[in-house]
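Numbering (the numbering used here), first residue to last: 1101 to 1648.
No residue lacks a Cβ here, since even glycine has one placed at the ideal position from N, Cα and C.
Notes follow once the structure below has been shown.
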Ligand SMILES: Cc1cc2nc3c(=O)[nH]c(=O)nc-3n(C[C@H](O)[C@H](O)[C@H](O)COP(=O)(O)OP(=O)(O)OC[C@H]3O[C@@H](n4cnc5c(N)ncnc54)[C@H](O)[C@@H]3O)c2cc1C
């Protein structure tokens, strides 16, 4: 049923009232909301179909570390009743199927255009509209643009000489070939040991003749403890959906795992150990997010807990020297997003798996036949560059965006993002991010729903009040930025070499120490309260205007 909304604005001859860029979790929900209101909108995506993250990352082992039933959309009872999540942590093919199902069920494909990359965006101050240039040379215009670009949608390749010289097959996991890769009998290298590599390595080891992992810095990781969801359990989940989403809305991370509020130092060591045993052997992010808050803030508490996890790793790796190599020493557990794994540490007990410590023997170059380290040459048929993402701002930087007075977003964000509420950028009117950097990055769809449900009424507000333009004030933006910076201070995360601080050794300007304040660290509930207060106060910090 289409709900009509009153528009008092006589739009100039624009191609669309709203253009949404991106057809992932965020873009799908955004177009649903807009078209339900009868607003003329289109979605543009560079990919050939829907799904974003779940369309691209098809590597073996790709799956959620969010409980599936907390990741799905919450806004349609019918959808919740119809969809059966088959595993507690859904694998990529199933998640992609889910997003395709949503798009078909709500007949959203008619509003989507694929295989088109937005390259340039210019704000026209005389008519308060955006002009977009696409890579198929088309130009499109719209009053509003919603950026649903993804915060992890631009992969980074390593800055190692010779990558193009390799004569075997080499790719980033984001670009894992859609038809799969036959690894049987192959010599495979995985470069990197981040969250993606930790999912890939156990799977590749089962298939390849030889797997060599190049590790520069180990990452902490904990067991996923996945399990199937049968009909009976799914029925129970369906009955509890309201309760589950209410719980996600209460926890800082948007998961069903909430912190243990007893206080680290109030709980005797023996009880702490019991809790940790239970969490380590339990599913998902419990070990990270159902822990004591002090783990994230207090060096001593963090060190004690990190030692607990180190011992669990030592129990799982046969060779004690190798075990020590897999235990991080440059950061404590949980100050970076914790990768969840299935048999990762045991994989190093296999005869066909070799760990190369690239901190001791750095990679010098990729050669036509393999990898040359300072120590030796390794021959490979396949090289997987699991070297992360240009996180948070990468997809924005890849579009040449100019706002008021021709100011470039890239320039404004050269040292890191500056936003109002993670949703708007001052000087870039009529542009919304769902979500953008400096929002509360939680269990993702929970944050996406919050952002879309804030953005859509703002568009509605403009339409019903005859405004052709909104823009965040510089003062409101500055004050929000200072708030974001303050939220870094209590947390050990402020020291992380991780996307939370913008660190990426493969990107210029992302060196350690040049902190980029990418996240709102106050948690989901505080963030929601903050942005709701702004809307309730008539969009405090936002100026409206009309071309008259
Ligand atoms: C391997 C992996 C595992 C993850 N696991 C989890 C998890 O378990 N739980 C969780 O909460 N989050 C997880 N995430 C984060 C994940 O990105 C989000 O959950 C979610 O999928 C993001 O949806 P999105 O719509 O915001 O962005 P995306 O899914 O990234 O979609 C953005 C879309 O925008 C398009 N786009 C970007 N720029 C342009 C342009 N210039 N022109 C046209 N189109 C453009 C892209 O092609 C893409 O399709 C994971 C991410 C990765 C990479």
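Assignment of alpha helix (DSSP H) within the segment 1556–1607, counting only whole runs of 4 or more residues, yields 1574–1588 in chain order. Residue 1323 carries a strand assignment under DSSP once its states are collapsed to helix, strand and coil. In this structure, residue 1346 has its beta carbon at no less than 6 Å from each heavy atom of ligand 1. The beta carbon of residue 1345 sits closer than 6 Å to the beta carbons of 1174 from its chain, once the five residues preceding and following it are set aside; these are given in chain order.
Fewer than three Cβ pairs drawn from the segment 1147–1162 and the segment 1572–1580 lie within less than 8 Å of each other, which leaves the two stretches out of contact. By the criterion of a C-beta distance shorter than 6 Å, residue 1485 is surrounded in its chain by 1257, 1258, 1272, 1291, once the five residues flanking it on both sides are discounted. Under the three-state reduction of DSSP, residue 1340 is assigned to helix.
At a threshold of 6 Å, residue 1253 counts as near ligand 1, since its beta carbon sits closer than that to one of the ligand's heavy atoms. Note that the C-beta distance between residue 1423 and residue 1414 is below 7 Å. Pairwise C-beta distances place the segment 1291–1306 out of contact with the segment 1491–1504, as fewer than three of them are shorter than 8 Å. Look at residue 1199: its beta carbon is at least 6 Å from all of the heavy atoms in ligand 1. Taking C-beta separations shorter than 7 Å and ignoring five residues to either side along the sequence, the partners of residue 1274 in its chain run 1156, 1157, 1255, following chain order. Residue nearest to residue 1588 within the set 1561, 1195, 1620 is 1620 (criterion: CA-CA distance). For residue 1544, the shortest separation between its Cβ and any heavy atom of ligand 1 lies below 6 Å. If you look at residue 1373, you'll find it in the alpha helix (DSSP H) that goes 1369–1380.
Using a cutoff of 6 Å, the CB of residue 1208 does not count as near ligand 1, since none of the ligand's heavy atoms is closer than that.
Among the bridge pairs identified by DSSP, residue 1308 is matched with 1284. Between the segment 1293–1301 and the segment 1157–1169, the count of C-beta pairs closer than 8 Å reaches three or more; the two stretches touch.
Taking the CA atoms as reference points, residue 1432 sits about 14 Å from residue 1393. In this structure, ligand 1 has no non-hydrogen atom nearer than 6 Å to the beta-carbon of residue 1501. Rounded to whole angstroms, the separation of the alpha carbons of residue 1130 and residue 1238 is 23 Å. With a cut-off of 8 Å on Cβ pairs, the segment 1501–1515 is not in contact with the segment 1463–1471, counting fewer than three such pairs. DSSP places residue 1458 outside both helix and strand once states are collapsed to three, so it counts as coil.
Residue environment for residue 1539: buried (at least 16 other C-beta atoms within 10 angstroms of its C-beta).
Contact between the segment 1114–1123 and the segment 1137–1147 is present: 3 or more CB-CB pairs across the two stretches fall below 8 Å.
Around the CB of residue 1327, fewer than 16 other CB atoms lie within 10 Å, so the residue is classed as exposed. Taking the C-beta atoms as reference points, residue 1534 is found nearer than 7 Å to residue 1126. Just measuring C-alpha positions, the residue of 1481, 1381, 1314 sitting nearest residue 1285 is 1481. Positions of the alpha helix (DSSP H) runs, each at least 4 residues long and wholly inside the segment 1163–1190, are given as 1168–1171, 1177–1182 in order along the chain. A straight line joining the alpha-carbon of residue 1181 with that of residue 1647 spans about 46 Å. In this structure, residue 1321 has its beta carbon at no less than 6 Å from each heavy atom of ligand 1. Under the Cβ criterion (8 Å, minimum of three pairs), the segment 1333–1344 does not count as touching the segment 1313–1324. Boundaries of the alpha helix (DSSP H) around residue 1407: 1399–1416.
Residue 1436 and residue 1566 have their C-alpha atoms roughly 45 Å apart. Counting of Cβ neighbours within 10 angstroms places residue 1555 among the buried residues, the total reaching 16 or more.
In this chain, the alpha helix (DSSP H) harbouring residue 1496 covers 1494–1497.
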